[in-house]
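Residues 2 to 252 in the working numbering are what the sequence shown spells out, letter by letter.
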Amino acid sequence: DAQESRGLGDVYKRQLVNSRAETLPRALSFKARDPDATRKRILKAAKAEFARKGLGGARIDDIAARAKSNKRMLYHYFGNKEELFRITLEDAYAEIREAEAQLAIDKDDPITALKRLVRFTWSYYLDNPEFITLVNSENLHKARHIKGSKRFNELSRPFVERMQVLLKRGAEQGLFRNDLDPVQVNITIAAIGYYYLTNRFTGAIVFERDLMDKRALEQRLDFNIKTILRVICTPETLARIEDEELSLIHI
């Protein structure tokens, strides 16, 4: 009987060890799960798929595969494809607004601040083409995904206020016109870069030149900056800027 008890005890111990060995990987696997990391991977994958194929063309299966996740997790975190698209758009706008805020243009003189802002917008569009395609896609849907977004409004208001403060500073110093609408100025800065890049393929055929050539891009940025200065600055300010540029040429 004693020997049989020891035998049963040994069996129990082996079963316990095996049970722990099987449970440990599952525990570690569960512990290793990172909800934030999974969510970020899904959003990154969604951004790529939506930018390439639009809302209608992007498939949940492809987004999940690109994110190295599964549809169950995607639906768990985001609900459905429409909601995922909305959050992807909000994140895309948040990224450009955060990068813009980091310019700290309030520390520059108004003209330098304006030039930096135009240069930043142009460079951001070039470096982040998916932003343009996402915006294009949402406009095709008449902005229905961001229309009621509280977060989107919170992102947009400082963007307009920043321009309002800059224009006021410039006007008080006699550098800028005092009748400018910050919304119109923001639209114009975006438009002169946005249109060029969204129409680069057809434009290359219409104008018979490579619009994405390095020299062409440099010329376009120079044109954008001068155009915005001519719209915003007083005639006296423009004359002074032109004189300064001419003096630099002759140095």
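No residue lacks a Cβ here, since even glycine has one placed at the ideal position from N, Cα and C.
In the three-state reduction of the DSSP assignment, Phe208 falls in the coil class, being assigned neither a helical nor a strand state.
The distance from the Cβ of Ile147 to that of Leu85 is about 13 Å, inconsistent with a contact at the 8 Å cut-off. With respect to Ile242, Val119 sits apart: the two C-beta atoms are not nearer than 8 Å.
Following the DSSP letters along the chain, one finds Gln185 inside the alpha helix (DSSP H) bounded by residues Pro183 to Thr199. Contact between the segment 134-142 and the segment 66-73 is not established, with fewer than three Cβ pairs separated by less than 8 Å. Pairing Ala46 with Arg67 gives a Cβ-Cβ distance under 8 Å. Between the beta-carbon of Gly55 and that of Ser138 there is about 5 Å, and that keeps the pair under the 8 Å contact cut. For the pair Glu219 and Lys48, the Cα-to-Cα distance works out to about 28 Å. In the DSSP assignment, Phe177 forms a beta bridge with Cys234.
Shortest Cα-Cα distance from Asp214 to any of Val184, Ala65 and Tyr197 involves Tyr197. Inside the segment 30-115, DSSP marks whole alpha helix (DSSP H) runs of 4 or more residues at positions 36-58, 61-67, 72-79 and 82-102, from first to last along the chain. Assignment of Ser124 by DSSP, reduced to helix, strand and coil, places it in the helix class.
When secondary structure is reduced to three states using DSSP, Ile147 falls in the coil class, being assigned neither helix nor strand.
Only residues of its own chain outside the window of five on either side were considered, and among them Ile133 and Asn137 have a CB closer than 8 Å to the CB of Thr199, listed in chain order. In the three-state reduction of the DSSP assignment, Asn129 falls in the coil class, being assigned neither a helical nor a strand state. Around the CB of Pro159, fewer than 16 other CB atoms lie within 10 Å, so the residue is classed as exposed. In the three-state DSSP reduction, Asp214 falls in the coil class, being neither helix nor strand. Non-local beta-carbon contacts of Ala102 in its own chain, meaning distances under 8 Å to residues more than five positions away in sequence, involve Pro159 and Arg163 in chain order. With a cutoff of 8 Å on beta-carbon distance, Pro111 and Phe177 are scored as near each other.
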